[in-house]
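J.: Got a structure here, written out as structure tokens. Questions coming.
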Amino acid sequence: MVTFTRPGGYLLLRGWKTISRGRIAFRLRTFQKNCLLLYSSSSWPLQSRIRDLAEMKRKAGASGRLLEVVNASDLLTGTDLFSLELREGYLVLLLNTGSGINEFQTESIWRQTKSPWFSADGKEHSVEIRLMDGYLQVKFDGMENHMNLTKTPRYTFLNLNGDLYVGGLPEELRLSNNELPPQVWSAHLRKDFIGCIGHLVIDEEPADLHLEAMATWARDHVEHGCRSPSGACEADTCAPGVCDEGWAEPLCECADTNRDGPHCKQGKANVQTNRNDATFIFFSELEIEWSIKIPIKESSSQRHPSAVQNLQIQEAEMKKRQNHKQCDLKIEDQSKITFQNLAITDTL
């Protein structure tokens with residue numbers, strides 16, 4: 001196994017040269033709930049060889065993105081793609097065989113309680129992915145899940161001509177205007193893998209991750225062996241949440257508290273909706289609960305003076321008792337409601 005100790009690095013392997021049937025298996029151990037595990041596409045064999053950043057910048061336009069010639073039909077269906085990432089601790093796969101991207105979640109990422117499919121608990125887990133004529137089958141610690149397609153594929157062959165990236169992506173691919181689909185959230189948000197990964201087998205051929213970890217783009221980010229987590233947890237690091245010792249820094253779990261943010265210090269908002277209105281319930285660092293109800297079909301702040309006034313009154317009352325930072329409410333067009341200073345935005 002190897003350990004990704006900090007973001008910014010990746011392993012570069014021979015691509016998954018599968019057509020209609022194939023298998024990838026590996027083991028992982030991480031606390032990262034949102035990160036990229038594997039990525040490969042049919043449109044990146046040439047650009048992936050551009051290792052010189054100066055050459056990349058020379059090819060970039062005024063927008064700072066690489067200039068590329070794109071087939072018009074690819075804008076509708078995209079090129080062939082395989083991606084595996086963690087979202088909120090659950091495996092999410094993207095597959096495109098030329099008919100458009102299908103997304104497959106092994107578990108709902110919005111569930112309130114952790115299921116047996118939760119991967120980001122610091123324990124070692126086994127993952128096996130099988131491609132069978134345009135469909136995916138996933139095994140996680142022996143449990144099996146089949147891909148329910150959101151789009152019926154017109155083509156079932158997966159043609160991946162590019163490299164297979166593990167744990168992250170090169171900067172030139174991130175900057176590419178058309179190569180990286182928006183559905184690959186972790187790549188666009190620069191959420192690289194941190195933790196241990198190993199025993200990687202591609203179509204029954206073991207990958208030499210130790211050898212790949214010696215490459216320039218991995219050398220300062222990937223170590224041999226599965227190193228124990230070293231992020232120290234102090235008594236108040238994540239209070240009132242739970243602290244996990246990550247490989248790069250402590251990771252805070254705030255799910256069972258009324259706090260949010262990287263260290264469980266920010267206020268958190270919940271949204272409850274029905275057909276006619278939405279009720280926003282949110283909490284301050286003073287553990288004071290506020291709630292306002294906004295009709296969904298209305299959007300102008302002039303139509304909601306009572307809601308705005310209600311919030312302002314509660315703010316004024318709190319300021320009398322505590323030196324509390326102002327929270328502003330804006331009700332904008334297209335029913336977009338923004339709570340400033342709580343870093344919360346929700347669109348109805």
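Residue numbers (UniProt numbering): 1 to 348. Quick reminder that beta carbons are idealized off the backbone N, C-alpha and C, glycines included. These figures come from a predicted structure and were not determined experimentally.
With distances taken between CB atoms, is the gap from Glu85 to Ser186 smaller than 8 Å?
T.: Going by C-beta atoms, Glu85 is nearer than 8 Å to Ser186.
J.: Out of Thr18, Arg23 and Arg259, point me to the one whose CA is closest to Asp80's CA.
T.: If we check each option's Cα against that of Asp80, Thr18 comes out closest.
J.: Note down, in chain order, each residue of its chain lying with its Cβ closer than 7 Å to the Cβ of Asn145, except the 5 sequence neighbours on either side.
T.: Thr106 and Val138, listed in sequence order.
J.: Keeping to the same chain, check which residues put their C-beta closer than 7 Å to that of Gly241; ignore five residues upstream and five downstream.
T.: Same-chain partners within the cutoff: Cys252, Glu253, Cys254, Thr257, Arg259 and Cys264.
J.: Whole-angstrom Cβ separation of Thr5 and Glu223, contact assumed at under 8 Å?
T.: Contact holds; Cβ gap of about 6 Å.
J.: By the 10 Å Cβ neighbour count, where 16 or more other Cβ atoms means buried, how is Gly142 classified, buried or exposed?
T.: It counts as exposed.
J.: Give the straight-line distance between the Cα atoms of residue 364 and Phe193, rounded to the nearest whole angstrom.
T.: Residue 364 is absent from the model: the chain starts at 1 and stops at 348.
J.: In this structure, does DSSP put residue 371 in helix, strand or coil?
T.: Since the first residue shown for the chain is 1 and the last is 348, residue 371 is missing from the structure and cannot be characterised.
J.: Rounded to whole angstroms, what is the Cα-Cα separation between Leu164 and Arg14?
T.: Approximately 6 Å between the Cα atoms of the pair.
J.: Is it true that the CB of Ile202 sits closer than 8 Å to the CB of Leu28?
T.: No, the pair does not count as a contact, with Cβ atoms beyond the cut-off.
J.: Rounded to whole angstroms, what's the CA-CA distance from Leu12 to Ser115? Just pull it up for me.
T.: Cα-Cα distance, rounded: 32 Å.
J.: Among Asn159, Glu103, Cys35 and Met214, whose alpha-carbon lies nearest the alpha-carbon of Arg87?
T.: It is Cys35.
J.: Could you work out which residue in Val184, Leu160, His125 and His188 is closest to Leu175 when comparing CA atoms only?
T.: Nearest of Val184, Leu160, His125 and His188 to Leu175, Cα basis: His188.
J.: With DSSP as the reference, identify every bridge partner of Gly195, one or two as the case may be.
T.: Answer is Phe4 and Thr30, bridged to Gly195.
J.: Gly167 and Thr3: beta carbons closer than 8 Å?
T.: No, the pair does not count as a contact, with Cβ atoms beyond the cut-off.
J.: Note down, one range per segment and in chain order, each alpha helix (DSSP H) of at least 4 residues found wholly within the stretch 207-232.
T.: Listed in chain order, the complete alpha helix (DSSP H) runs (minimum 4 residues) inside the stretch 207-232 are 209-212.
J.: Can you tell me where the alpha helix (DSSP H) with Leu173 in it begins and where it stops?
T.: From DSSP, the alpha helix (DSSP H) with Leu173 extends over Glu171 to Leu175.
J.: Does DSSP put Ser115 in a helix, in a strand, or in coil?
T.: Three-state DSSP puts Ser115 in coil, outside helix and strand.
J.: Measure the alpha-carbon distance for Arg219 versus Asn159 and round it to whole angstroms.
T.: Rounded to the nearest angstrom, the two C-alpha atoms are 30 Å apart.
J.: Would you kindly work out how many angstroms separate the C-alpha atoms of Gly134 and Thr156, rounded to a whole number?
T.: Near 4 Å, if we compare the C-alpha coordinates of Thr156 and Gly134.
J.: Which residues does DSSP pair with Glu85 in a beta bridge?
T.: Answer is Leu36 and Val92, bridged to Glu85.
J.: Any idea what DSSP makes of Ser20, helix, strand or coil?
T.: Coil, per DSSP.
J.: Do you know how far the Cα of Asp236 is from the Cα of Leu46?
T.: Confidence at Leu46 is low in this model, with a pLDDT of 44, below 50, so the placement of that residue should be treated as unreliable; the coordinate-derived value is given next. Straight-line Cα distance between these residues: approximately 49 Å.
J.: DSSP on Ser41, reduced to helix/strand/coil?
T.: Note: Ser41 maps to strand in three-state DSSP.
J.: Considering only C-alpha positions, which residue in the set Thr30, Leu91, Arg111 and Leu131 is nearest to Gly22?
T.: Measuring from the Cα of Gly22, the nearest candidate turns out to be Leu131.
J.: Near His221, which residues of its chain fall below 7 Å by C-beta distance, leaving aside the five closest residues on each side in sequence?
T.: Excluding residues within five positions, the ones whose Cβ falls inside 7 Å are Phe4, Thr5, Arg6, Gly8 and Gly9.
J.: Per DSSP, what are the beta-bridge partners of His146 in this structure?
T.: His146 is bridged to Gln137.
J.: Quick check on DSSP: helix, strand or coil for Ala25?
T.: It is a strand residue.
J.: Which residues in the same chain as Gly89 place their Cβ atom closer than 6 Å to its Cβ, once the five residues preceding and following it in sequence are excluded?
T.: These residues qualify, in order along the chain: Lys33, Phe118, Ser119 and Ala120.
J.: Can you tell me where the alpha helix (DSSP H) with His188 in it begins and where it stops?
T.: Run containing His188: Trp185 to His188, per the alpha helix (DSSP H) assignment.
J.: Please determine, among Trp16, Thr30 and Gln183, the residue with the shortest C-alpha to C-alpha distance to Ser42.
T.: When each option's Cα is compared against that of Ser42, the closest is Trp16.
J.: Suppose you measure from the CA of Lys191 to the CA of Leu37; what does that come to, to the nearest Å?
T.: Approximately 10 Å, taken between the alpha carbons.
J.: Which residues share a DSSP beta bridge with Phe157?
T.: Paired residue(s): none; Phe157 is not in a bridge.
J.: Does the distance from the CB of Val184 to the CB of Tyr39 come in under 8 Å?
T.: Yes, the pair counts as a contact, with Cβ atoms nearer than the cut-off.
J.: Please classify Thr216 as buried or exposed, where buried requires at least 16 neighbouring CB atoms within 10 angstroms.
T.: It counts as exposed.
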